[in-house]
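The number in the numbering used here is simply the position in the sequence shown, starting from 1, with 34 added.
For each residue, glycine too, the CB sits at the ideal point set by N, CA and C.
All figures in this text were calculated on a predicted structure; none of them were measured in a lab.
Below: the structure, in structure tokens.
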Amino acid sequence: MLLLGLPNEILDHLAHTLESEQDISAVAQTNHLLHAIFNRHLYRYNIQHNGGSALFWAAAHGRDSTIRLLLEYGVNINASDGVEATALHLAKMIPDSCNGYVEEAKILLASHQLDPNSKRQKGMTPLADAVENGREAVVETLLAEENIDVDSANDYGCTPLHLAVNNGSKAMVKLLLSTGHVELNSKDDDGLTPLLSAIQSLRSAWDAGPLDDAAEYHDITKLLLGQHGVDIDWNEFLMTSLLWLGAQDGYTDIIELLLGKEGVPYDEIGASGRTLLSWVASSGKDAVVKLLLDKGAKADSKDYDGRTPLSWAAGAWYHDVVRVLLEAGAEVDSKDRDGATPLQFALQNSAESAAKVLIAHGAVVPTFSPELLEKILFDGLDYNHPGIIEILLSEDMDPNVLKGISCQRLFLDAVRAGQELMTRTLLDKSDINVNLKDENGDTPLHEATSRCRLSSIELLLKDPRIEVNSKNHAGDTPLSVAASLLLCDWDSNGELEPSIDALETTVKLLLAHPLAVIEPGDKDIWNLLPEAARKGDTSIAELMITKNRIDPTLRDDDGRTPLSLAAENGHLAMIQLLVEKGALDPLVGDEDGAIPLSWARKKGNTTIVEFLSRLENVSI
């Protein structure tokens, strides 16, 4: 209490006698009166003996009141903290959620003692620090200063605009561009302008992602391209790569900006040996192709190998681009150094739609070597491109073109695929062994049957050379293979592949062949009649009874007659057919004694009961 009773002058003198900030601070915190006197001395002591270090602490922690007091007591606002940072630099450490940073910057700048362009370690100015750390509000404050240097480069030659671009910050780039006096074409130590840096980052994002980065750099690149005075150097690899990659990937907005610049190398052959239009054409970007053509690119420009954009588009399956180029006057049969035309590339790459567009515009079908023709035909089968096969195997085709080709192997693949045109052509125009067996003893007819290739089956059965009853190593004829598959599918209620309809048609085609033979031991074929009766398939039943002379009363493995099975399952048309073909006695029972009439009564089918009851010697 004695200390508090002393005059302020004495207390102030006592404060001057203390020799450490810790002692002064300890006394200042004892009560309000002593705080008012000793705290002033604490700030002065810090400025005089510790270089105003409190200013850096206040800047880093958002204490604007502390900054004001230090300024009042004469702190050197441009002092460094030992790592070449001023208070304004350190203020960048404040989080975005803290308003202190903006206020600090305003306080420090308002003192008119601060150099806003002072540099710290690595040549970073406060503006560069704020840009790099994403402090938009502070950047706005600094940009409002009359003497701010917006183009001050750091030790690596990067200006604030470089830093904004490298960070992928579209908002920061916009802020800097809004000043209207940012140097757009300054180069960093790697020789990159902000635009080239943006292009480099965009290419990396296109190649490796992430997609969000690609979108951000895409927008930044557009912003910079749209600036008046930005340099476009077509000798720069990054610049030409932007044009080419952008064209390939269909970035029409960027391409439109680039094509608005002078000196666009439309028809120059690049390092890859190709023209810009050929790259775009082979990428399928018809909108960009139209844009390039409208800007003056030549539709028939040739690359190092003599290939035109039409050739590249045709070989890459892009029929829309093919159409655009042809409508622009591209030569339909232009040849490259090896004499290959666009249609040749379309055919050898199975580009069916592109080939049809070319032919519609008068393209001549080329003559291929046997090796290449064989490959194209096999590809047409493997990838299911019947149009390619139709073009190559036309009706007026010279049979000599098939010489040197593995026609037998091609024929078997065509049969397996159900490729009617190729199967017919090879049957008609080449020396094919239609009954040649593979390692399992299967003939082409076996192969077509097992896959239900109906068109192939029909063509083979019409050939007079066909051996319809040929057996494989398992002892199965094509008909027994088909019968086995159909019985399995009937048992599964159509859940298997191929479909029941296809299997039934396959069986009927084979049964109807005049040379087809059903041997006594071929159980699957004999079981077709009772199973057909069960399913109500009258066409198969009639073929077996009429054409193949199968007994209409043939019993299945359970001793059931076809008539009994048809009666149980309610197939009146089948019953009528069986009766017509000789199954006359509805009183003939199964092995367990049940007669067809009793099966019909059991199932409650009155129509069938009445029909069977009207037969001779039967009464209800």
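In chain order, 334, 342 and 344 place their CB closer than 8 Å to the CB of residue 365, counting only its own chain and leaving out the 5 sequence neighbours on each side.
Spanning the alpha carbons of residue 588 and residue 389 requires a straight line of approximately 57 Å. The straight-line gap separating the alpha-carbon atoms of residue 448 and residue 641 is approximately 49 Å. By the neighbour-count criterion, in which 16 or more other beta carbons inside 10 Å mark a residue as buried, residue 443 falls on the exposed side. Annotation: residue 570 to residue 500 spans about 31 Å, alpha carbon to alpha carbon. In the structure shown, residue 80 adopts helical secondary structure according to DSSP, grouped into three states.
Residue 241: member of the alpha helix (DSSP H) spanning 228-242, first to last residue.
Going by DSSP, residue 316 is part of the alpha helix (DSSP H) stretching over 310-316.
With a 10 Å radius around the Cβ and a threshold of 16 neighbouring Cβ atoms, residue 580 comes out exposed. For residue 575, the enclosing alpha helix (DSSP H) stretches over residues 572-576. Three or more Cβ pairs drawn from the stretch 188-200 and the stretch 155-173 lie within less than 8 Å of each other, which places the two stretches in contact.
Between the stretch 217-227 and the stretch 237-255 there are fewer than three C-beta pairs closer than 8 Å, too few to call the two in contact.
Contact annotation: residue 440 and residue 408 have beta-carbon atoms nearer than 8 Å. When DSSP states are grouped into helix, strand and coil, residue 273 belongs to the helix group.
Separation of residue 547 and residue 320 (C-alpha to C-alpha, rounded to the nearest whole angstrom) is 54 Å. A distance of 8 Å or more separates the beta carbons of residue 375 and residue 384.
Distance from the CA of residue 556 to the CA of residue 549, rounded to the nearest whole angstrom, comes to 16 Å. Taking a C-beta distance under 8 Å as the contact criterion, residue 558 and residue 593 do not qualify as a contact pair. Assignment of residue 596 by DSSP, reduced to helix, strand and coil, places it in the helix class. Looking only at 290, 338, 649 and 425, the smallest Cα-Cα distance to residue 380 is reached by 425. Distance from the Cα of residue 482 is smallest, within the candidate group 453, 466, 462 and 498, for 453. Scanning its chain for C-beta atoms nearer than 7 Å, with the 5 sequence neighbours on each side dropped, one finds around residue 438 the residues 404, in chain order. The C-beta of residue 487 has 16 or more other C-beta atoms within 10 Å across all chains shown, which makes the residue buried. No Cβ-Cβ contact shorter than 8 Å links residue 631 with residue 617. With respect to residue 457, residue 495 sits apart: the two C-beta atoms are not nearer than 8 Å. The Cβ atoms of residue 635 and residue 603 do not sit closer than 8 Å to each other. For the pair residue 564 and residue 607, the Cα-to-Cα distance works out to about 15 Å. Around the beta-carbon of residue 252, 16 or more other beta-carbon atoms lie within 10 Å, marking it buried. When the five nearest sequence neighbours on each side are left out, the beta carbons in the same chain lying within less than 6 Å of the beta carbon of residue 209 are those of 173, in order along the chain. Taking a 10 Å sphere around the C-beta of residue 398, we find fewer than 16 other C-beta atoms and assign the residue as exposed. Annotation: the stretch 294-363 contains no complete segment of the beta strand (DSSP E) (minimum length 3 residues). Under the three-pair Cβ rule at 8 Å, the stretch 416-424 does not count as touching the stretch 462-471.
By the neighbour-count definition (other C-beta atoms within 10 Å, threshold 16), residue 414 is a buried residue.
Nearest in C-alpha terms to residue 537, of all of 373, 521 and 361, is 521.
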